[in-house]
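Take 2 as the starting number for the first sequence in our numbering and just add one per residue.
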Amino acid sequence: MQDIHLYHSKTKQKERFNPIDPEHVKMYVCGPTVYARPHIGNARPRIVFDVLSRFLRHVYPKLTYVGNVTDVDDKINKASQEQNIDIKTLTSTMLKYFHEDMSALNCLPLDLEVKATDHIPEMIHMIQQLIDKGHAYVAKGHVLFSVPSFPEYGRLSHRTLTEQIEGARVEVEDYKHSAQDFVLWKPSQSPDPYWDSPWGQGRPGWHIECTAMIKKHVGLPFDIHGGGIDLLFPHHENEVAQGCAATGCHDYCNFWMHNGLIHVAKEKMSKSIGNVLYVADLLDDAPGEAIRYAVLSTHYRRPLDWSDETLSLAKQACRKLHLALNAFPVQDSKLMMDEALLDALADDLNTPKAFSLIQGWVKSILNGDSQYHHRLVSACHLLGFGDQDLRQWRPKNPKVTVDDIEAQIALRADAKAAKNYQKADEIRASLLEKGIVIEDTTTQTLWYWQ
RNA sequence: GGCUGGGUGGCAGAAUGGUGAUGCAGCGGCCUGCAAAGCCGUGUAUACCGGUUCGAUUCCGGUCCUAGCCUCCA
């Protein structure tokens, strides 16, 4: 059995991964709030944990990979009002986009994708448990989690109760007993969505959904919980507090894994800065596999500074990868996993190291050596590459049609046959101007979008 | 203000208490009508200052820079 080591945010070091049940590994990853199209920052955890899930499935007999969709949230309410769209329509449309974009990035569907609005009764039940056990209280129609009632609070994110308060820019609502207390349930009325509860009509706070859904579909404690590092505090800290206080379990999960954030021009990508990169737009610049490659070419825990160069580098690397994949026919459908590759992945999902191994094989293969082909095909299968035909990729609004391109290439072939190289070169230059790259081989002329 | 990470060649990005991967770009070749792609060869780096050590890029302390969290965030 492969010896896997993963970085655990709670202990801040790599630890040996020992599943609670080696016959059935369980993983949960925080998903998007569906109020806008997915951006590359939403995609990063999905890509990273997609690779992890593929790897775990290779190593263990069974994995259940669960993720949530937040479809009740203040940002959704706001977007719905601003755009004058019904909430359900908005969330279901955005979820559809999310699925489309993640699939374009070769992310496999989760085993189970759960929605917050489908679990209101479970949340109410858990909130009631917390009240009954003295970990939550009702105030002005709100239900709040009492942070001082849970002494373990702060152990995940390594924060003390008081250190944050000084200098923090938070206004403390007067109904809170303690400044760190957080909302489990809040009053709500039309046009915002609301549900009946023992505390009146209202809607859940943000943190409770993950805990209630994990308890129902994954069980506590479980193996791996993933998400962006920005969720470490307060969201994940709150999850632990709620989950352990409500159920009495000592551990919430064995591994907390957090991916680093994506930066654009050295600063965090965010709506307020206006530098959000939507996956759909990136797909207009590059094939999904190239975006996936770009994301995985930096170790998942490090920040990833995104630029045009990041993407064009990945695009090139992907193209070369596909050249090597197509250099020889696939002889054996049985996978042959390279041990060094598995070791790289087993070392806290070191995808850049895995890529460097792969690039070595690619080089040998393109040099005519077929012996690495089988392991390359297997590695790509494991990492989620090689499924797309990069030559089929098109920008959304191409400057020329495929018919035009092929007509031009035919003209150029005639010119070449007549040794009219000046004309042939002119045609090549004019196609390149429109983003078409031409490759002459001994038998034919190939082309692709740059 | 408090807390937590990170600083490796022109760029991207691994690794390591003892010759610092890999890719892109550059340069020189091969190939090509010329290119492109591919192949071969090749130069360049551990932010700064101390400490521990036979030896530090790696461990420890300080400085500087940078990012993130403390407010919605993937």
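Built from N, CA and C at the ideal position, the CB exists for glycine as well.
In the structure shown, H143 falls within a strand segment according to DSSP collapsed to helix, strand and coil.
T212 is classed as buried because its beta carbon has at least 16 other beta carbons within 10 Å across all chains shown. One Cα belongs to S81, the other to Y36, and the distance between them is close to 8 Å. Inter-residue distance for L185 and I230 is about 22 Å (C-alpha atoms, whole angstroms).
Annotation for L109: D51, S54, R55 and G385 place their beta carbon closer than 8 Å to its own, counting only its chain and skipping 5 residues before and after. In the displayed model, I5 falls within coil according to three-state DSSP, outside both helix and strand.
W362 carries a helical assignment under DSSP once its states are collapsed to helix, strand and coil.
Its chain contains P46, F50, G68, G227 and G228 as the residues whose beta carbon lies nearer than 7 Å to that of V30, once the 5 sequence neighbours on both sides are disregarded; these appear in chain order. M95 counts as buried, since no fewer than 16 other beta carbons sit within 10 angstroms of its beta carbon. Taking all protein chains in view, the Cβ of Q181 is crowded by 16 or more other Cβ atoms within 10 Å, so the residue is classified as buried. Just so you know, the alpha carbons of I128 and V148 end up roughly 14 Å apart.
Annotation: G220 to R204 spans about 24 Å, alpha carbon to alpha carbon. Assigned with DSSP and collapsed to three states, P396 falls in coil, not helix or strand. Rounded to whole angstroms, the Cβ separation of F183 and L157 is 14 Å, and the two are not in contact under 8 Å. Spatial neighbours of A318 in its own chain (CB-CB distance under 7 Å, excluding positions within 5 residues in sequence) are listed in chain order as Y294.
Note: K269 is bridge-paired with H264 in the DSSP secondary-structure output.
Rounded to the nearest whole angstrom, the CA to CA distance from L232 to Y279 is 20 Å. With contacts defined as CB atoms closer than 7 Å, K76 and T34 qualify as a contacting pair. For K134 and A246, the gap between their C-alpha atoms comes out near 8 Å. Boundaries of the alpha helix (DSSP H) around L91: I88 to A105. Separation of G261 and K269 (C-alpha to C-alpha, rounded to the nearest whole angstrom) is 11 Å. Taking each of A425, E434 and D339 in turn and checking the Cα distance to D441, the smallest one comes out for A425.
Per DSSP, the beta-bridge partners of N69 are V115. As the crow flies, the alpha-carbon of L113 is around 8 Å from that of T65. Collapsing the DSSP output to three states places P188 in a strand.
Contact between the segment 280-299 and the segment 337-344 is not established, with fewer than three Cβ pairs separated by less than 8 Å. Within the same chain, Cβ atoms closer than 7 Å to the Cβ of S365 are found at Y373, the five residues on either side in sequence being excluded. Your pair D72 and K116 checks out as a contact, with CB atoms roughly 5 Å apart and the cut at 8 Å. Within the same chain, L377, V378, C381 and G387 come within 7 Å of L326 by CB-CB distance, once the 5 residues on both sides are set aside.
Taking C-beta atoms as the reference points, I263 and G32 fail to come closer than 7 Å.
By the beta-carbon neighbour count (other beta carbons within 10 angstroms, threshold 16), S198 is buried. Counting along the chain, H226 sits inside the beta strand (DSSP E) bounded by residues F223 to G229.
Here V401 has K435 as same chain residues with Cβ atoms under 6 Å from its own Cβ, once five neighbours each way along the sequence are excluded. Counting only the Cα atoms, E290 lies some 19 Å from I437. By the Cβ neighbour-count rule, M2 is exposed, with fewer than 16 other Cβ atoms within 10 Å of its own. For D405, there is no enclosing beta strand (DSSP E); the enclosing alpha helix (DSSP H) covers residues V403 to A418.
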